[in-house]
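So the sequence shown is numbered by my numbering: it starts at 15 and just counts up by one. Glycine included, each C-beta is placed from N, C-alpha and C at the ideal position. Quantities reported herein were computed from a predicted structural model and do not represent experimental measurements.
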Amino acid sequence: MKENLFIKKITTLFENAQASLETTHIAFCFDDNYAMPAGIAMSSVISNNLDKNLVFHLFANNVTNEKISRFNQLNNDNVSIICYEIGDDFSINPDTLVLHVSASTCLRFVVPQILNKVTSRVLYLDCDVLCTNNLNELIHTDLSDKYAAVVPDVDKTQEKQCPACDIPYGEYFNAGMIYINTDMWVDNNLTDKAFAMINSGKVYKFADQDVLNILMQGKTVFLPKRFNILTSLTVGGKEDNMIGNDAVIIHYVTGNKPWYQLYLTPLYQRYLSSSPWANDKLLVANENAPSTTRRYAKLLASQHKYFAAIKYYLLYLKHKACKKH
């Protein structure tokens with residue numbers, strides 16, 4: 015493994031700390047498409063954790079300078095942001111990147127190795143999350159002789175992935191929230207092992223998540239679901255309204271993301287509105303899934319917005335025609 019671990023440049027956007035507060039390190043990994051969701055996730059963490067110093071480590075893969083500069087608007091007296099620019103030599107076996115998975119998600123393999131220089135504990139979060147409560151209980155989890163604290167995945171995933179990864183039923187975790195013991199990670203050389211597995215030629219259905227489950231098997235602390243509540247959104251749905259008030263991390267799985275107009279929920283709207291991205295125009299839906307425009311047309315029609323419904327249905331037909339050619 016190269017000594018720089020694909021990092022081309024490290025930039026501190028700003029650095030603030032209050033001497034009386036403890037410090038929590040949090041990492042996000044993203045490409046240009048996920049910069050805005052990462053910012054909203056960070057904004058939600060900040061608003062619910064004013065009682066601690068927060069150091070955000072952003073591993074940015076081909077993200078424009080304009081999008082990086084937006085993070086400066088999260089400046090607060092308990093917040094620091096450090097950006098790690100990923101070099102062009104970073105690559106992942108493309109055959110194993112399926113199911114909405116981008117190469118950038120595999121950057122989490124380098125996070126503990128790099129951050130071990132500054133902290134023995136780091137909270138890794140996917141960008142498609144909201145933090146809706148204080149993180150104290152999570153970050154005070156005892157990780158002695160454990161790689162990480164995690165939350166088990168849903169039963170449907172357990173049923174398929176436990177046999178595939180040779181893991182006891184119930185012990186396959188979702189990798190959207192991992193509270194990592196960086197000392198133990200580095201002592202056991204997990205970064206090299208993870209990259210060797212993901213680029214071996216074998217196709218892992220859930221890519222980096224499968225690899226991490228196999229490598230950490232038997233050495234994790236399992237936490238209650240409220241620390242990583244897996245939520246699937248439907249058109250115009252409000253699934254996150256059904257979640258209890260004790261939720262700490264809400265994780266929007268599947269391609270139906272709440273920063274698209276089609277799936278925007280009142281809860282996500284609330285955090286979006288109080289973030290620096292409040293005035294950004296949201297895309298209607300994932301452009302790689304034109305059928306969602308048809309669903310949006312149906313939603314508008316149900317709301318008696320017929321002119322807009324026709325507009326989006328025509329857009330859907332146009333997408334469909336383009337795909338045929």
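{"Asked": "Where does the unbroken alpha helix (DSSP H) through L226 begin, and where does it stop?", "Found": "A221 to M230"}
{"Asked": "Does the Cβ of Y48 have 16 or more other Cβ atoms within 10 Å, making it buried, or fewer, making it exposed?", "Found": "buried"}
{"Asked": "Exposed or buried, T307, counting other C-beta atoms within 10 Å across all chains shown (16 or more means buried)?", "Found": "buried"}
{"Asked": "Who are the near neighbours of V346 in its chain, counting only those whose CB is closer than 6 angstroms to its CB and skipping five residues on each side?", "Found": "No answer is possible for residue 346: the residues shown for the chain start at 15 and end at 339."}
{"Asked": "Would you tell me roughly how many angstroms separate the C-alpha atoms of L152 and L27, rounded to the nearest one?", "Found": "26 angstroms"}
{"Asked": "Would a C-beta distance cut-off of 7 angstroms place T205 and F123 closer than the cut-off?", "Found": "yes"}
{"Asked": "According to DSSP, P166 sits in a beta bridge with which residue or residues?", "Found": "F187"}
{"Asked": "I'd like the ranges of any alpha helix (DSSP H) spanning at least 4 consecutive residues and lying wholly in the segment 121–147.", "Found": "125–129"}
{"Asked": "Does the segment 70–80 come within contact of the segment 307–318, defined as at least 3 CB pairs closer than 8 angstroms?", "Found": "no"}
{"Asked": "Measuring alpha carbon to alpha carbon, tell me which of N30, L286, G53 and K66 ends up nearest E36.", "Found": "K66"}
{"Asked": "Kindly indicate the opening and closing residues of the alpha helix (DSSP H) around K207.", "Found": "L204 to I212"}
{"Asked": "State buried or exposed for K131, treating a residue as buried only when at least 16 other CB atoms are found within 10 Å of its CB.", "Found": "exposed"}
{"Asked": "Jot down the residue ranges of each uninterrupted beta strand (DSSP E) in the segment 228–291, minimum 3 residues, whole runs only, in chain order.", "Found": "234–236, 243–246 and 263–267"}
{"Asked": "Measuring straight from C-alpha to C-alpha, what distance separates I82 and C43?", "Found": "13 angstroms"}
{"Asked": "By Cβ distance, which residues of its chain are closer than 6 angstroms to D254, with the 5 residues on each side in sequence left out?", "Found": "T245, I264, T279 and L281"}
{"Asked": "So, for Y98: in the same chain, excluding its five sequence neighbours on each side, which residues have a beta-carbon less than 6 angstroms away from its beta-carbon?", "Found": "I21, I24 and F73"}
{"Asked": "Return yes when the Cβ of S58 is within less than 7 angstroms of the Cβ of C145, no when it is not.", "Found": "yes"}
{"Asked": "From K332, I181, L276 and D169, pick the residue whose C-alpha is nearest to that of L314; which is it?", "Found": "L276"}
{"Asked": "If you follow the beta strand (DSSP E) that V69 is part of, which residue opens it and which one closes it?", "Found": "N67 to N75"}
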